[in-house]
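Beneath this line is the structure, given in structure tokens, with notes to follow.
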Amino acid sequence: MPLSYNFPIVSVKNVSFSASHTQLFETFAPFGRIYQIRHNPSEMGHYFVIFYNLSSAQAAAKELNGVNLEGRYLVTSIHGVEKTKI
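For the sequence shown, the working numbering assigns the number 15 to the initial residue and increments by one for each residue that follows.
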């Protein structure tokens, strides 16, 4: 399925299990206003940081990829959404 990358959603993987919501917020907030941070409990170490605008999300994904947080290196990317589900 073709994906659309036009949404301000950053996929954040490899997050330490000891990292708090507050730490994630403080790490991503310098890049722009955050709408929401989501986490699926069944996918440990994987979060979605949702910004209000795409440029903030793109900057955060680019600059924070590989950054060490709580002893683990973050893997960040813009989250792709299936076009058929839009």
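Don't be surprised by glycine CBs; every beta carbon is placed ideally from N, CA and C.
Computed from a predicted model, the values in this text were never measured in an experiment.
Classify residue i as buried or exposed, calling it buried when 16 or more other Cβ atoms lie within 10 Å of its own Cβ.
i, result
"P70", "One detail in the question is off: residue 70 reads as Ser in this sequence, not Pro. By the neighbour-count rule (16 or more Cβ atoms within 10 Å), S70 is buried."
"P55", "exposed"
"Y19", "exposed"
Measuring alpha carbon to alpha carbon, tell me which of the options ends up nearest residue i.
i, options, result
"E57", "S18, S25 and A75", "S25"
"G46", "S32, A33, S18 and A75", "A75"
"I51", "V81, I23, E84 and L83", "I23"
In chain order, what residues of the same chain lie with their CB nearer than 7 Å to the CB of residue i, ignoring the 5 residues before and after it?
i, result
"Q72", "I92"
"N28", "G59, R86, Y87, L88 and V89"
Apart from the five residues just before and just after residue i, which ones in its own chain have a Cβ nearer than 6 Å to its Cβ?
i, result
"F21", "V95"
Pairing CB atoms from the segment 63-76 with CB atoms from the segment 31-45, are three or more of them under 8 Å? yes
Do the segment 89-98 and the segment 31-38 meet, that is, are 3 or more Cβ pairs less than 8 Å apart? no
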